[in-house]
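**Q**
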Amino acid sequence: MTGEAFGQVMTEMTETLYRITCSQLSSEADREDAVQEALRRAWEKRAFLRNESYIRTWIIRILLNVCHDIRREKKRMIPTEEFPEAAAPSAYDSIDLKECLLQLEERDRMPILLYYIEGYDVKEVASILRIPQGTVKSRLNRGRSKLKEICREEVFES
Numbered sequence: 001m002t003g004e005a006f007g008q009v010m011t012e013m014t015e016t017l018y019r020i021t022c023s024q025l026s027s028e029a030d031r032e033d034a035v036q037e038a039l040r041r042a043w044e045k046r047a048f049l050r051n052e053s054y055i056r057t058w059i060i061r062i063l064l065n066v067c068h069d070i071r072r073e074k075k076r077m078i079p080t081e082e083f084p085e086a087a088a089p090s091a092y093d094s095i096d097l098k099e100c101l102l103q104l105e106e107r108d109r110m111p112i113l114l115y116y117i118e119g120y121d122v123k124e125v126a127s128i129l130r131i132p133q134g135t136v137k138s139r140l141n142r143g144r145s146k147l148k149e150i151c152r153e154e155v156f157e158s
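Mapping the sequence shown onto full-length UniProt numbering, position 128 (from 1) lands on 128, and the numbers just tick up by one.
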């Protein structure tokens, strides 16, 4: 793959990558940093991409690794502010699906995000997450069930 074609794919994926970081990281700055770092790593390691047809899943896998690195680094940091930033109030009067999604465990949230929000098929989700297709299907089923339960709780609490 030429550098120009690779750059084009990276440009096309930027928005998708950012949306994925929304389910992984809470800070806007961390999200932007993660996308930038993932694209940088992909560019530097592009020679190691074995099959060009998997470029999108390969870049998403890099992004997930970067998000994991950022979360791990955050755990090691000692907060310098006396009071943590308050979460921005939701602009929605009804339940906020994003908030419900964030309540899911990561292993249930990621397949739902990739399958329903990003539109990847089960095979692609399995490749991105490095798990069998059957596991993707069971996590989608479990995630949907848990998401329904969380949304019901949100409605009753409102």
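By construction, the Cβ of each residue, glycine as well, lies at the ideal position given by its N, Cα and C atoms.
Looking at C-alpha atoms only, which residue of Trp43, Phe156 and Thr21 is the closest neighbour of Met1?
**A** That would be Trp43, whose Cα lies nearest to the Cα of Met1.
**Q** Mind checking whether Asp108 and Gly143 have CB atoms under 8 angstroms apart?
**A** yes
**Q** Go ahead and label Pro111 buried or exposed: buried means 16 or more other beta carbons lie within 10 angstroms of its beta carbon, across all protein chains shown.
**A** buried
**Q** Closest to Ala126 by C-alpha separation, out of Asn65, Glu32, Leu104 and Arg61, would be which residue?
**A** Of the listed residues, the one whose Cα sits closest to Ala126 is Arg61.
**Q** Do the stretch 40-58 and the stretch 70-77 make contact, defined as three or more Cβ pairs closer than 8 angstroms?
**A** no
**Q** Would Ile20 pass as a contact of Glu118 if the rule is Cβ separation under 8 angstroms?
**A** For Ile20 and Glu118, yes; Cβs fall inside 8 angstroms.
**Q** Taking just the CA atoms, how far does Leu104 sit from residue 210?
**A** Here the chain has residues from 1 to 158 only, and residue 210 is not among them.
**Q** Kindly list the residues whose CB is nearer than 6 angstroms to the CB of Ala29, restricted to its own chain and excluding five residues on each side of it in sequence; keep chain order.
**A** none
**Q** Assuming the contact rule is C-beta atoms closer than 8 angstroms, Ser27 and Leu113 should be a hit. Round their C-beta distance to whole Å, please.
**A** With a Cβ gap of about 18 angstroms, Ser27 and Leu113 do not count as contacting.
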